[in-house]
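Chains A and B are the protein sequences, given in the same order. Residues 233 to 546 (this note's numbering) are what the first sequence spells out, left to right. Residues -7 to 252 (this note's numbering) are what the second sequence spells out, left to right. Just below is one structure, and these are the notes that go with it.
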Amino acid sequence: MAIPAGDPQVLQVYLPIAEISVDVVGLLLLGGGVGFLSGLFGVGGGFLMTPLLIFMGVPPAVAVGSQANQLVGASVVGTIAYWRKDGVDFRMGGVLLISGLIGSSIGVVLFGLLQRLGQIDLVISILYVVVLGTVGGLMAMESWRALRRSKMAAPPRRRLHQHLWIHGLPLKMRFPKSRLYISALVPGGIGLLGGVIIAIMGVGGGFFMVPAMVYIIGMPTAVVAGTSLFQILFTTAAVTLMQAALNQTVDVMLALVLLIGGVVGTQIGIRFGGRLRGEQSRMLLSLMILAVALKVGIDLVLTPDDFYTLVTGK
Amino acid sequence: MRMMAFIVAYWPSAYLRQTILITVLLFTLPTASRAQAVMADLTSHLIAITTGFTGTEVTLFGAMDGESDLIVVVRGPENKVTVRRKERILGLWLNAHSASYDGVPGFYAVAATKPIGDILRGEMLARQQIGVENLTLTPTRNDLSAGDEQAFRDALIRGKQNAGLFGSQLGTVTTLGNRLFRTALVLPSNVPVGYYQVHVYAVRGGQIVGAQTTPLEVQQIGAAAELSDVAHTHGLIYGLLAVGASIMVGWLGSMAFRRA
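Given below as structure tokens:
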């Protein structure tokens, strides 16, 4: 787990909160890679970043806290970029955000409860498998069908979105940017559920929000990524403040180095994202999500190398 | 001590007073006289962790009063450590049994002139906690069976050794003309901050003839220290600064690409 010390080949930086030294180049590349995905798919990439930081030797709590801090800056880049391309539905983003903040507060309480019961690791692993597996599986199936359909000579005319029972709920609101007239309870419920998942899994939640916005709310692909990033920006800012004030687990040095790599990666990602069709981009994202779910699932079942783990308390 | 104070206060001659004081000290404080068998110091008592910290080396040097074997023990700040063991339940590997240990040194390393087993008898090593196998590690909270206790203890030591925080090899102490000695204490980049103790033992004929303890402090210095300090004392302000810095860097990056 420990990064080899004093190796003259690598440029190291000492992280004051994590209390370890890490390789700057490795950290920049990690930030850049995850930033690329962020620009490409409109997801934060936390479900990849958090496990990788822990693998580098960063304490899990600090990985989660600093990750949120880094996502603030990363989603500012994405939000501005999509805003310029007129790709943010601020009204929809606002509804998602308010419900998301309520959800993540509930999630923080649940997290504390599970921690006292001593099985938070298990719940996080199972959530990764179930949530990532379901979302990834559904997305993979849908985008596979869409890809096959687009190869046919005359694609059948599609409706803007499918009408489900949830679209009959009360409190209807107009979302002109998304060309929708639906109940505010739909995005509100998704935001709430997303918030709970965000707080417990320690991720930005884009991988969950993006497919929910496409398939359940029925938002047009053009505004999904931008709106998701807008909502992530404010959720992660709130999470950073809470983590810094309550747990002192935000390493700003770690966050900023990741962010500098991320800024570059995001821009490249956005440029690539413009070349991909929606269903191609969703297919790639779903495969990546499934791979992470599979990895976590296999780790739960496979005999571990070492049965023992150490947790150091102050 | 009250007797000594009486002597010091009322004895008429300054010269006699000094002589008696030294004599009293020599006879009443055996540790003071024993310490003369070995005297040691560090090249630095403060390890400064700055932004570019990648681990460091401190030299311990000293003198002894004749041919002796030397053992140097470095002990870092103590912490509570919980060891958890995964067990297979319904096909899944889950954390099941656990044991918590208080007062586990955050860093522990030993250096000596030759293998410590050849210098001191087993019970002496155990009494002085010299060598990882002799560390006093007893779980304070414990749901283990008797056979498991050793396995958990081994796992604790193995985990600390893998992290580079417990020395897995004996360091060497080099001597010069049976009078002078030196050894290099290597501290890795993930060395915990706090107060350390460096114990030096001089051994002759299987007996400890001299011992000295010298302090060592590992501390964050400069920007890293200030950040850490603000984070722990003014969490909310730190959080606001962190969010602000993140937005600033993100926004500047975005502007840079707009120009390009």
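Backbone N, C-alpha and C define an ideal beta-carbon position, used for all residues, glycine too.
| query | result |
| --- | --- |
| What residue from A:Leu243, A:Ile338, A:Val256 has the CA that sits closest to leucine 425 of chain A's CA? | A:Ile338 |
| Please state the DSSP three-state secondary structure of methionine 433 of chain A. | helix |
| Does the contact criterion of 3 or more C-beta pairs under 8 Å hold for the region 303 to 320 of chain A versus the region 237 to 250 of chain B? | yes |
| For proline 22 of chain B, does the count of other Cβ atoms within 10 angstroms reach 16, so buried, or fall short, so exposed? | Below a pLDDT of 50, predicted positions are generally treated as unreliable, and proline 22 of chain B, at 45, falls in that range; the measurement from the model is reported next regardless. Result: exposed. |
| Given lysine 152 of chain B, which residues of its chain have a CB within under 7 Å of its CB, disregarding the five upstream and five downstream residues? | Phe158 |
| To which residues of the same chain is methionine 445 of chain A closer than 6 Å at the C-beta, ignoring the five residues directly before and after it? | Met451, Val456 |
| For alanine 386 of chain A, decide whether its Cβ has a neighbour in chain B, counting only Cβ atoms nearer than 9 Å. | For alanine 386 of chain A, the predicted model reports a pLDDT of 47, less than 50, meaning its position is unreliable; a value from the coordinates is still stated below. No, its Cβ sits nowhere closer than 9 Å to a Cβ of chain B. |
| Report the three-state DSSP secondary structure of glutamine 480 of chain A (helix, strand or coil). | coil |
| Give me the Cβ distance between glycine 365 of chain A and leucine 508 of chain A, rounded to the nearest whole Å; I'm assuming they're in contact under 8 Å. | Glycine 365 of chain A to leucine 508 of chain A, Cβ: 24 Å. No contact. |
| Residues of chain A with CB closer than 8 Å to the CB of proline 131 of chain B, please, in chain order. | Here the premise fails: no neighbours, minimum Cβ distance about 13 Å. |
| In angstroms, rounded to a whole number, what distance separates the CA positions of aspartate 61 of chain B and leucine 168 of chain B? | 12 Å |
| Would you mind listing the beta strand (DSSP E) stretches within the region 17 to 95 of chain B that are 3+ residues and don't spill past its ends, in chain order? | 30 to 34, 38 to 41, 48 to 56, 61 to 67, 70 to 81 |
| Ordered along the chain, which non-local residues of its own chain (more than five positions away) have a Cβ less than 8 Å from that of isoleucine 259 of chain B? | In the structure as shown, chain B begins at -7 and stops at 252. Residue 259 of chain B is therefore absent and cannot be evaluated. |
| Could you tell me the alpha carbon to alpha carbon distance between glycine 222 of chain A and isoleucine 358 of chain A, rounded to whole angstroms? | Residue coverage of chain A in this structure runs from 233 to 546, which leaves residue 222 of chain A outside it and unanswerable. |
| If valine 235 of chain B and phenylalanine 99 of chain B are in contact, beta carbons under 8 Å, what's the gap, nearest whole angstrom? | About 34 Å; that fails the 8 Å criterion. |
| Is methionine 451 of chain A helix, strand or coil by DSSP? | coil |
| Once you ignore the five residues that flank isoleucine 14 of chain B on each side, which residues in its own chain have a CB closer than 8 Å to its CB? | Confidence at isoleucine 14 of chain B is low in this model, with a pLDDT of 48, below 50, so the placement of that residue should be treated as unreliable; the coordinate-derived value is given next. Result list for isoleucine 14 of chain B: empty, nothing under 8 Å. |
| Give a yes or no on whether 9 Å exceeds the smallest Cβ distance from leucine 232 of chain B to chain A. | yes |
| Please list the residues of the region 303 to 316 of chain A that have a C-beta atom closer than 7 Å to any C-beta atom in chain B, keeping them in chain order. | Val304, Gly305, Ala306, Val308, Val309, Ile312, Ala313 |
| On the three-pair Cβ rule with 8 Å, is the region 454 to 470 of chain A touching the region 319 to 326 of chain A? | yes |
| Could you tell me which residues DSSP pairs with valine 102 of chain B in its beta bridges? | B:Val65 |
| In terms of alpha-carbon separation, which member of B:Thr43, B:Thr105, B:Gln211, B:Asp57 lies closest to glycine 202 of chain B? | B:Asp57 |
| Using a cut-off of 7 Å between C-beta atoms, extract the partners of alanine 477 of chain A located in chain D. | No chain D is part of this structure, whose protein chains are labelled A and B. |
| Beta strand (DSSP E) containing isoleucine 108 of chain B: first to last residue? | Not the beta strand (DSSP E): isoleucine 108 of chain B falls in the alpha helix (DSSP H), residues 108 to 111. |
| Using DSSP with H/G/I as helix, E/B as strand and the rest coil, what is leucine 542 of chain A? | strand |
| So, are the CB atoms of valine 254 of chain A and valine 296 of chain A less than 9 Å apart? | no |
| Just the chain A side, please: which residues come within less than 7 Å of glycine 151 of chain B by C-beta, in chain order? | Tyr540, Leu542 |
| So, with DSSP's three-state summary, where would you put proline 292 of chain A? | helix |
| Are the CB atoms of threonine 74 of chain B and leucine 542 of chain A nearer to each other than 9 Å? | yes |
| Might you give, ordered along the chain, the residues of its own chain that have their beta carbon closer than 8 Å to the beta carbon of leucine 162 of chain B, omitting 5 neighbours on each side? | Val102, Ala103, Ala104, Pro107, Ile108 |
| Please report whether the beta-carbon of serine 220 of chain B lies at a distance below 9 Å from any beta-carbon of chain A. | yes |
| Report the start-end ranges of each alpha helix (DSSP H) in the region 201 to 249 of chain B that is 4 residues or longer and not cut off at the edges. | 215 to 225 |
| Kindly list, in the order they appear in chain A, the residues whose Cβ is closer than 8 Å to that of glycine 44 of chain B. | Gln244, Val245, Tyr246 |
| Could you work out which residues of chain B lie near glutamine 499 of chain A, taking near to mean beta carbons separated by less than 7 Å? | Phe249 |
| Please determine, among A:Gln244, A:Phe268, A:Ile286, A:Gly263, the residue with the shortest C-alpha to C-alpha distance to arginine 503 of chain A. | A:Phe268 |
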